[in-house]
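These notes are about the structure you will find just below.
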Amino acid sequence: MDQPTLLPARRIGPDTDLFCTHVPLPGLGVLPVNAYLIHALEPVLVDTGIGALRDDFVASLAARMDPADLRWIWLTHADADHMGALRAVMEVAPQARIVTNYLGVGKLGLHQLPLERTWLLNPGQALDVGNRRLLALRPPVYDAPETMALFDTHTRHLFSSDCFGAVLAKAAESAAEVTAAELREGLALWATIDAPWLAQLDRKTLAATCLPWRDLRPQRVLSSHLPPAEELEELLYSSLDSARERTPFVGPDQQAFEQAIRLAEPALA
Ligand SMILES: [Fe+2]
Ligand SMILES: [Fe+2]
5 MDQPTLLPAR
15 RIGPDTDLFC
25 THVPLPGLGV
35 LPVNAYLIHA
45 LEPVLVDTGI
55 GALRDDFVAS
65 LAARMDPADL
75 RWIWLTHADA
85 DHMGALRAVM
95 EVAPQARIVT
105 NYLGVGKLGL
115 HQLPLERTWL
125 LNPGQALDVG
135 NRRLLALRPP
145 VYDAPETMAL
155 FDTHTRHLFS
165 SDCFGAVLAK
175 AAESAAEVTA
185 AELREGLALW
195 ATIDAPWLAQ
205 LDRKTLAATC
215 LPWRDLRPQR
225 VLSSHLPPAE
235 ELEELLYSSL
245 DSARERTPFV
255 GPDQQAFEQA
265 IRLAEPALA
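In our numbering, the protein residues as written are 5 to 273.
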């Protein structure tokens, strides 16, 4: 099986760098796992990648800025693919505080992270980072109740956390590179994996939940699991709606999983 790969960090819009790890999903495709760096007056790291690549992640961060100057680590939620290098980053960034909420602090407590390194914020509130405000938002679709997405009022970037993720056939630099059909399928598949409860929502309720996000009119949608997306909002929202009508994802059992791995690695069969 291919191993997760951290790509070199790159600028993907004003003041914003992307750290993308490609994670192979046997039998399904590849899932991007993204973290971002906002070069605000008070620099903000949004999530910290996967644990297996924590040393590479810290080196990549250090190549983009002096981690000693990092002020905030916005943890969109406490899943493993978002907090993999959290401890390692905290060590090289002693000024940085973790932005999360009460439930997030509770979950981080299980990892024995110090309370004085956290900063509590709730959806609807904003964090002033010197030359812009970052609005905390609850996404329409999420897999953990502490999830807080954010909207950068300066760049109009919407960091949507797990919402708008997509399983892709192969890695891509931007969502526009992927055909609309593949993107629609990948978005809907991810949504059924990450938020199986979507199937319990009716169309009207989902549409009403999405309305405040549509009203933000972001310049870019920067999901944790999608290449950067511009001017694709209709496709993003309609894919969520189609996921709502799908049967929730059920993963392969042991036998099917082993077969998928054998197919991916015929030399080891
Ligand atoms: Fe998640
Ligand atoms: Fe995630």
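We put the beta carbon where it would ideally sit given N, CA and C, even for glycine.
Residue state for Asp132 is assigned as strand, using DSSP reduced to three classes. In this structure, the straight-line span from the alpha carbon of Arg221 to that of Leu210 is close to 18 Å. Excluding its 5 nearest sequence neighbours in each direction, Glu150 has C-beta neighbours in its own chain below 7 Å: His81, Ala82, Thr104, Asn105, Leu107, Gly108, Lys111, listed in chain order. Proximity to Phe253 across Phe23, Thr122, Leu11, Leu32 peaks at Leu32, based on C-alpha coordinates.
Apart from the 5 residues on each side of it in sequence, Asp147 sits with its Cβ closer than 8 Å to the Cβ of His81, Asp83, Asp166, Asp198, Ala199 in its chain, given in chain order. Residues Leu10 of the same chain have their beta carbon placed closer than 6 Å to that of Asp60, with the five preceding and five following residues left out of the count. Between Arg248 and Arg188, the gap from beta carbon to beta carbon reaches 8 Å or more. DSSP places Leu215 within a helical segment (H, G or I) once states are collapsed to three. If you draw a straight line from the Cα of Gly128 to the Cα of Leu202, it is about 23 Å long. Between His161 and Arg224, the CB-CB gap stays under 8 Å.
In the structure shown, Leu114 falls within a coil segment according to DSSP collapsed to helix, strand and coil. DSSP places Gly33 inside the beta strand (DSSP E), whose first and last residues are 33-42.
In this structure, Leu125 lies away from Val50, with their beta-carbon atoms at least 8 Å apart.
Distance from the C-beta of His161 to the nearest heavy atom of ligand 2 is not below 7 Å.
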